[in-house]
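**Q**
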Amino acid sequence: MTENPNPTPSSAALTVAAIADLVGGRWKGDANLEVLALEPVDEAGPRDMAFLAARRYAQHVPDCAAAAYLVSEEMEKHLPEDATRVVVSDPYPAMRTLLQVLHPPTAWTAGVHPTAILGSDVGVGVGVEIGPYAVLGDGVCVGDGSRIGAHCVISRGSVIGAGCRLYPHVVLYEETTLGDRVIVHAGARLGSDGFGYTLIDGEHMKMPQVGRCIIDDDVEIGANSTIDRGSLGDTRIGHGVKLDNLVHVAHNVHIGARSLLAALVGIAGSTRIGRGVWFGGQSGAINQLEIGDGAQVTVQTGVTRDLAPGETVSGIPSRPHREYLRTQAQISRLPKLVERVQRLELDRSHDSDG
Amino acid sequence: MTENPNPTPSSAALTVAAIADLVGGRWKGDANLEVLALEPVDEAGPRDMAFLAARRYAQHVPDCAAAAYLVSEEMEKHLPEDATRVVVSDPYPAMRTLLQVLHPPTAWTAGVHPTAILGSDVGVGVGVEIGPYAVLGDGVCVGDGSRIGAHCVISRGSVIGAGCRLYPHVVLYEETTLGDRVIVHAGARLGSDGFGYTLIDGEHMKMPQVGRCIIDDDVEIGANSTIDRGSLGDTRIGHGVKLDNLVHVAHNVHIGARSLLAALVGIAGSTRIGRGVWFGGQSGAINQLEIGDGAQVTVQTGVTRDLAPGETVSGIPSRPHREYLRTQAQISRLPKLVERVQRLELDRSHDSDG
Amino acid sequence: MTENPNPTPSSAALTVAAIADLVGGRWKGDANLEVLALEPVDEAGPRDMAFLAARRYAQHVPDCAAAAYLVSEEMEKHLPEDATRVVVSDPYPAMRTLLQVLHPPTAWTAGVHPTAILGSDVGVGVGVEIGPYAVLGDGVCVGDGSRIGAHCVISRGSVIGAGCRLYPHVVLYEETTLGDRVIVHAGARLGSDGFGYTLIDGEHMKMPQVGRCIIDDDVEIGANSTIDRGSLGDTRIGHGVKLDNLVHVAHNVHIGARSLLAALVGIAGSTRIGRGVWFGGQSGAINQLEIGDGAQVTVQTGVTRDLAPGETVSGIPSRPHREYLRTQAQISRLPKLVERVQRLELDRSHDSDG
Numbered sequence: 003m004t005e006n007p008n009p010t011p012s013s014a015a016l017t018v019a020a021i022a023d024l025v026g027g028r029w030k031g032d033a034n035l036e037v038l039a040l041e042p043v044d045e046a047g048p049r050d051m052a053f054l055a056a057r058r059y060a061q062h063v064p065d066c067a068a069a070a071y072l073v074s075e076e077m078e079k080h081l082p083e084d085a086t087r088v089v090v091s092d093p094y095p096a097m098r099t100l101l102q103v104l105h106p107p108t109a110w111t112a113g114v115h116p117t118a119i120l121g122s123d124v125g126v127g128v129g130v131e132i133g134p135y136a137v138l139g140d141g142v143c144v145g146d147g148s149r150i151g152a153h154c155v156i157s158r159g160s161v162i163g164a165g166c167r168l169y170p171h172v173v174l175y176e177e178t179t180l181g182d183r184v185i186v187h188a189g190a191r192l193g194s195d196g197f198g199y200t201l202i203d204g205e206h207m208k209m210p211q212v213g214r215c216i217i218d219d220d221v222e223i224g225a226n227s228t229i230d231r232g233s234l235g236d237t238r239i240g241h242g243v244k245l246d247n248l249v250h251v252a253h254n255v256h257i258g259a260r261s262l263l264a265a266l267v268g269i270a271g272s273t274r275i276g277r278g279v280w281f282g283g284q285s286g287a288i289n290q291l292e293i294g295d296g297a298q299v300t301v302q303t304g305v306t307r308d309l310a311p312g313e314t315v316s317g318i319p320s321r322p323h324r325e326y327l328r329t330q331a332q333i334s335r336l337p338k339l340v341e342r343v344q345r346l347e348l349d350r351s352h353d354s355d356g
Numbered sequence: 003m004t005e006n007p008n009p010t011p012s013s014a015a016l017t018v019a020a021i022a023d024l025v026g027g028r029w030k031g032d033a034n035l036e037v038l039a040l041e042p043v044d045e046a047g048p049r050d051m052a053f054l055a056a057r058r059y060a061q062h063v064p065d066c067a068a069a070a071y072l073v074s075e076e077m078e079k080h081l082p083e084d085a086t087r088v089v090v091s092d093p094y095p096a097m098r099t100l101l102q103v104l105h106p107p108t109a110w111t112a113g114v115h116p117t118a119i120l121g122s123d124v125g126v127g128v129g130v131e132i133g134p135y136a137v138l139g140d141g142v143c144v145g146d147g148s149r150i151g152a153h154c155v156i157s158r159g160s161v162i163g164a165g166c167r168l169y170p171h172v173v174l175y176e177e178t179t180l181g182d183r184v185i186v187h188a189g190a191r192l193g194s195d196g197f198g199y200t201l202i203d204g205e206h207m208k209m210p211q212v213g214r215c216i217i218d219d220d221v222e223i224g225a226n227s228t229i230d231r232g233s234l235g236d237t238r239i240g241h242g243v244k245l246d247n248l249v250h251v252a253h254n255v256h257i258g259a260r261s262l263l264a265a266l267v268g269i270a271g272s273t274r275i276g277r278g279v280w281f282g283g284q285s286g287a288i289n290q291l292e293i294g295d296g297a298q299v300t301v302q303t304g305v306t307r308d309l310a311p312g313e314t315v316s317g318i319p320s321r322p323h324r325e326y327l328r329t330q331a332q333i334s335r336l337p338k339l340v341e342r343v344q345r346l347e348l349d350r351s352h353d354s355d356g
Numbered sequence: 003m004t005e006n007p008n009p010t011p012s013s014a015a016l017t018v019a020a021i022a023d024l025v026g027g028r029w030k031g032d033a034n035l036e037v038l039a040l041e042p043v044d045e046a047g048p049r050d051m052a053f054l055a056a057r058r059y060a061q062h063v064p065d066c067a068a069a070a071y072l073v074s075e076e077m078e079k080h081l082p083e084d085a086t087r088v089v090v091s092d093p094y095p096a097m098r099t100l101l102q103v104l105h106p107p108t109a110w111t112a113g114v115h116p117t118a119i120l121g122s123d124v125g126v127g128v129g130v131e132i133g134p135y136a137v138l139g140d141g142v143c144v145g146d147g148s149r150i151g152a153h154c155v156i157s158r159g160s161v162i163g164a165g166c167r168l169y170p171h172v173v174l175y176e177e178t179t180l181g182d183r184v185i186v187h188a189g190a191r192l193g194s195d196g197f198g199y200t201l202i203d204g205e206h207m208k209m210p211q212v213g214r215c216i217i218d219d220d221v222e223i224g225a226n227s228t229i230d231r232g233s234l235g236d237t238r239i240g241h242g243v244k245l246d247n248l249v250h251v252a253h254n255v256h257i258g259a260r261s262l263l264a265a266l267v268g269i270a271g272s273t274r275i276g277r278g279v280w281f282g283g284q285s286g287a288i289n290q291l292e293i294g295d296g297a298q299v300t301v302q303t304g305v306t307r308d309l310a311p312g313e314t315v316s317g318i319p320s321r322p323h324r325e326y327l328r329t330q331a332q333i334s335r336l337p338k339l340v341e342r343v344q345r346l347e348l349d350r351s352h353d354s355d356g
């Protein structure tokens, strides 16, 4: 394969002193050294600053060709004595600040692409970008500074707040509402019909799905995720919630502020998730549960009962995490337990014989 | 965030007496009271009828502002004595009937959007809608009254029956066949290549996937679900089957009539699923199994062997549900069992000492 | 439902002798017999050749109407004495060869569809097809003989090698790179942002995702799968890797050559997967693991620790496969173990009484 010979350049170089100033860190070594990019320790080249915040990456330091390091106080001891560095107490916010300067957002131009199709009574705010082949139904509103990617379909009556970004190929069903600064990745489907049927004469007859899908401010939704509209009443995703890729949220689910759902999670109908909850990858919850604030659901766990605030659970079906660990340990020791019972039986039979 | 100030109005108001008549129920209270919408008990306002059919929602009745209730006979006792109500024996079909009147389907207009691209020999029935930017390949047929959403791609030789609805962004690969009244949600991919390779000289070489994907009447397919075409022979989805979102059905799977697959289910190649089978969310089946009619696969279960008709299974790997429950209970009591063995050993060692 | 009355004809008929010659097998019976298609034993008609390579299908031979068989040496004994056949030692490569002749790729025409939108500095090789409504951003390069399906969005700076096929509705985010002969199925999203946030003042703040998504030669990616770009550093999919439908690969994952990931698999951030690894359907791996070359992860397994080369693991959490089988067997026998302990206790209490 051939790689791109001319990758898009990032912004101009920054000196080590400027970076220390930017991220609120202290520098050591050559303050005037310039770097072009921030890279992982095992991939950084001689014009890069290497990022070191996790013990796992310390092993690559001896072979690292980086000009300098952005390093946490804890990990600084793993650097060679003479390495140029910027040292910070909290490395991830520092990394975020630096990357925002090194990789400023790509320039874009407000405007409605001539191939976009807008229905009647569409309201478009100031500084909005609507990409090629986007289709906006009647009565759609798009807030100031929002960007609608190529091929998005925003169905009748949907409302998009200010400062949103919809990547290409997003579909909003009718009357879906997004708050401000919502990011929706390619292929997400919001407001689709819930999985609701009622048996009539032995056939599954579709229940009309007449609720809405309402997404609050600062939510981010991953690629190809799906959030169903409510059947009766609405599906609601709270402020600052983040969903990873391929997540499924069923009809009438409510998710509280700042909860995080990792990839391939599935939440069944009408379950209410509190604030600051974590669902690990491929975990799920059955319908009509109450998941308390701050609950932690580890990867591939299946929640089948209500969770108290702050509870951590694991396993299928889910158990309190400590109980789960103890049980797992005892399952591992089952072969030994069987042997111990066997010995007791042998002793017993020996006694009887004797 | 700002919500839509002008949500689309539903149809005109209905009186309590008219609703009782419509759903075949009896009314009590103010027969002339008018309601605009049906809502859940915990969301209904003073111009709404609240729906009460599950014990879980009875707790919200004291705070409910609804004008009236649609209530099952069983739950009627949870209402205040003087609440206006319509009482029915079978609440979900009644809800369905009422919603169909309160939320009639949005008006749409038959016709081929000028931006749609139709190949040669495309057959379009009477009263068909083909949305903006849809692409129909050579030889595609679309039956009377079907609606093809914006951006759908219907590849060469595919056949869509009458009364179907394809939401935006659906892709049918070549020669896919849909029956009548099939609903396909946004982003579903039907007829994609199966995951089939054969090792030749150490490389996985792609097997041509030459079978078809055939969907029978009255099937509904959820958003972003994928159904592969057959490799040799066809993949077949039977009459009235319903798939939720993000479901994967592999090559050459057959699914019998009226089976239901919840979200994130995966069925591996050539497995044959009977009629009226239920797969709970995130469950799956390995390849080449026979799943009998009416089998029930609970959430997150992994089926690794054939299932008899009517069998209910749980767990990874799946076991008969009762055995699974018993095993789970015994796993929970493992710590106690270990203690009991320990005591026996202690007693034994005490005996020996003595 | 009505099936397509005129399915696309496959190529002309082949004689049994010609097929034997083509696949390097020996024939028996009527060498001049002509067949039109290869079909499974339980679906083959009187103008078809039936394919028999698995014991499971031998039961259908007595009712099979096929004109002739393509059969493995091992399965030949299941045929009637007088059945015309082509016998091969390695049936799947033979099937592949025969299907390639019976079902030659559909004809297509190079060219850029007039509705495709190309940005500035787009490089298009010789014999490239770009479908209707495709959108290619600035600086995109497409290698010779590649086909970009309808509605694909190839964002700025992305590079597609030679001989690739992108089915409709694929999205490549900015600066995504595909090698040669890469196949990407409908709805796959490559280079989307990873799930990366850092807590600042109690809010999850988005980390810029500045790495790339780099796909090597001969990779195939299933429908609606998602591969995130790197956060720092790149996500890399190695030579000849095959991903099934609805697979999630997170930021900074590396997958070694010829690994296979079945449907609904999820791989969390920064995990490194070796060469020739197998992940069964709905299995997953947590972040920052090292999975050795040739490791085998069975269906619905959850990998939570590094795997040695060649290791086979099962279960949630994953254990060595043999230990898993032994443990499963002992879990099945738990009720008996409980009884045995009970008897020992009874005997013991009897002793004490006596």
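Chains as they are written, first to last, in the numbering used here: chain A, 3 to 356; chain B, 3 to 356; chain C, 3 to 356.
Cβ atoms here follow ideal geometry from the backbone N, Cα and C, with glycine treated the same way.
Please read all numbers here as calculations on a predicted model, not as lab measurements.
1) Proline 322 of chain C by DSSP, collapsed to three states: which one?
2) Return yes when the Cβ of histidine 171 of chain C is within less than 8 Å of the Cβ of valine 184 of chain B, no when it is not.
3) Helix, strand or coil for threonine 99 of chain C? Go by DSSP, reduced to three states.
4) Kindly indicate which three-state DSSP category alanine 270 of chain B falls into: helix, strand or coil?
5) Listing by chain order, which chain A residues have their CB less than 7 Å from the CB of aspartate 246 of chain B?
6) Hey, how far is the Cα of isoleucine 269 of chain B from the Cα of isoleucine 269 of chain C?
7) Quick one, which of B:Ile229, B:Gly189, B:Ser285, B:Tyr71 has its alpha-carbon nearest leucine 168 of chain B's?
8) Sorted by chain position, which residues of the same chain lie with C-beta nearer than 6 Å to histidine 187 of chain A's C-beta, five sequence neighbours on each side aside?
9) Between glycine 193 of chain B and glutamate 176 of chain B, how many whole angstroms is the CB-CB distance? I'm expecting something under 8 Å.
10) Between the Cα of cysteine 154 of chain B and the Cα atoms of B:Pro134, B:Ala264, B:Cys143, which residue gives the shortest distance?
11) Spatial neighbours of threonine 10 of chain A within its chain, please: CB distance less than 6 Å, with the 5 preceding and 5 following residues excluded, ordered by chain position.
12) Listing by chain order, which chain C residues have their CB less than 7 Å from the CB of proline 170 of chain A?
13) Between glycine 286 of chain C and cysteine 166 of chain C, what straight-line distance do the alpha-carbon atoms span, to the nearest angstrom?
14) Below 8 Å, can you find three or more Cβ-Cβ pairs linking the region 120-133 of chain C to the region 55-67 of chain C?
15) Smallest Cα separation from proline 322 of chain C: which of C:Arg260, C:Arg335, C:Gln298?
16) Can you tell me which of the three DSSP states glutamate 5 of chain B falls into?
17) Run down chain B in chain order and give the residues with a C-beta less than 8 Å from the C-beta of valine 343 of chain A.
18) I want to verify the contact list: residues of chain A whose CB lies under 8 Å from the CB of histidine 206 of chain C, in sequence order.
19) Quick check on isoleucine 257 of chain A: buried or exposed, where buried means 16 or more other Cβ atoms within 10 Å of its Cβ?
20) Tell me whether the region 208-223 of chain A and the region 236-243 of chain A touch, counting them as touching only if at least three CB pairs, one residue from each stretch, are closer than 8 Å.
21) Quick one: residues in its chain with C-beta nearer than 8 Å to the C-beta of valine 340 of chain B, no 5 flanking neighbours on either side, listed in chain order?
22) With a Cβ-Cβ cutoff of 8 Å, do aspartate 246 of chain A and leucine 263 of chain A count as a contact?
23) Measure from the alpha carbon of arginine 49 of chain A to the alpha carbon of each residue in A:Thr86, A:Gly312, A:Trp29, A:Lys30, then state which is nearest.
24) Could you compute how far the alpha carbon of threonine 4 of chain C sits from the alpha carbon of serine 148 of chain B?
25) Taking a contact to mean a Cβ-Cβ separation below 8 Å, would you say glycine 139 of chain B touches alanine 96 of chain B in this structure?
26) Rounded to whole angstroms, what is the Cα-Cα separation between asparagine 6 of chain C and threonine 329 of chain C?
27) Can you grab the Cα-Cα spacing for the pair asparagine 254 of chain C / glycine 283 of chain C, in whole Å?
28) Have a look at threonine 214 of chain B and glutamate 313 of chain B and give me their C-alpha separation to the nearest angstrom.
29) So, helix, strand or coil for isoleucine 21 of chain B, using DSSP?
30) Verify whether the separation of the beta carbon atoms of valine 88 of chain C and valine 25 of chain C is less than 8 Å.
31) Which of the residues in the region 22-46 of chain C, read from start to end, lie with their CB under 7 Å from any CB of chain B?
32) Could you give the uninterrupted runs of the beta strand (DSSP E) lying entirely in the region 169-204 of chain A, keeping only those of 3 residues or more?
**A** From the atom records:
1) Here proline 322 of chain C sits in strand by DSSP.
2) With respect to the 8 Å criterion, valine 184 of chain B and histidine 171 of chain C are not classified as neighbours on the basis of their beta carbons.
3) DSSP places threonine 99 of chain C within a helical segment (H, G or I) once states are collapsed to three.
4) Three-state DSSP puts alanine 270 of chain B in coil, outside helix and strand.
5) Contact of aspartate 246 of chain B with chain A by beta-carbon distance below 7 Å involves Phe197.
6) Going by the C-alpha atoms only, they are around 20 Å apart.
7) Nearest neighbour of leucine 168 of chain B by Cα position, chosen from B:Ile229, B:Gly189, B:Ser285, B:Tyr71, turns out to be B:Gly189.
8) Cβ neighbours of histidine 187 of chain A beyond the five flanking positions: Tyr169, Gly224, Ala225.
9) With a Cβ gap of about 7 Å, glycine 193 of chain B and glutamate 176 of chain B count as contacting.
10) Just measuring C-alpha positions, the residue of B:Pro134, B:Ala264, B:Cys143 sitting nearest cysteine 154 of chain B is B:Pro134.
11) At threonine 10 of chain A the pLDDT is 47, less than 50, meaning the model places this residue with poor confidence and gives no usable figure here.
12) Going along chain C in sequence order, the residues near proline 170 of chain A (Cβ under 7 Å) are Val155, Val173.
13) A direct Cα-Cα distance of roughly 28 Å separates glycine 286 of chain C from cysteine 166 of chain C.
14) Too few Cβ pairs lie closer than 8 Å, so no.
15) Proline 322 of chain C has its Cα closest to that of C:Gln298, out of C:Arg260, C:Arg335, C:Gln298.
16) Legend: pLDDT at glutamate 5 of chain B = 48, less than 50; position of this residue unreliable, value from coordinates given subsequently. Looking at glutamate 5 of chain B - three-state DSSP - the assignment turns out to be coil, as it is neither helix nor strand.
17) Per Cβ cutoff of 8 Å: Val343.
18) Going along chain A in sequence order, the residues near histidine 206 of chain C (Cβ under 8 Å) are Gly242, Lys244, Arg260, Leu262.
19) Here isoleucine 257 of chain A is buried. Its C-beta has 16 or more other C-beta atoms within 10 Å.
20) Contact holds: three or more Cβ-Cβ distances are below 8 Å.
21) None.
22) Taking C-beta atoms as the reference points, aspartate 246 of chain A and leucine 263 of chain A count as a pair closer than 8 Å.
23) Ranked by Cα distance from arginine 49 of chain A, the first of A:Thr86, A:Gly312, A:Trp29, A:Lys30 is A:Thr86.
24) Annotation note: pLDDT 48 at threonine 4 of chain C (below 50); position unreliable, no value reported.
25) Glycine 139 of chain B places its beta carbon 8 Å or farther from that of alanine 96 of chain B.
26) Below a pLDDT of 50, predicted positions are generally treated as unreliable, and asparagine 6 of chain C, at 44, falls in that range; no measurement from the model is reported.
27) The alpha-carbon atoms of asparagine 254 of chain C and glycine 283 of chain C are separated by roughly 22 Å.
28) Per the sequence shown, the amino acid found at residue 214 of chain B is arginine instead of threonine. A direct Cα-Cα distance of roughly 30 Å separates arginine 214 of chain B from glutamate 313 of chain B.
29) Look at isoleucine 21 of chain B here: in three-state DSSP terms it is helix.
30) Yes; because the gap between Cβ atoms is below 8 Å, this pair is in contact.
31) Close to chain B, meaning a Cβ-Cβ distance shorter than 7 Å, are the following residues of the region 22-46 of chain C: Leu40, Glu41, Pro42, Glu45.
32) Runs of the beta strand (DSSP E) lying entirely within the region 169-204 of chain A and spanning at least 3 residues, in chain order: 191-194, 199-202.
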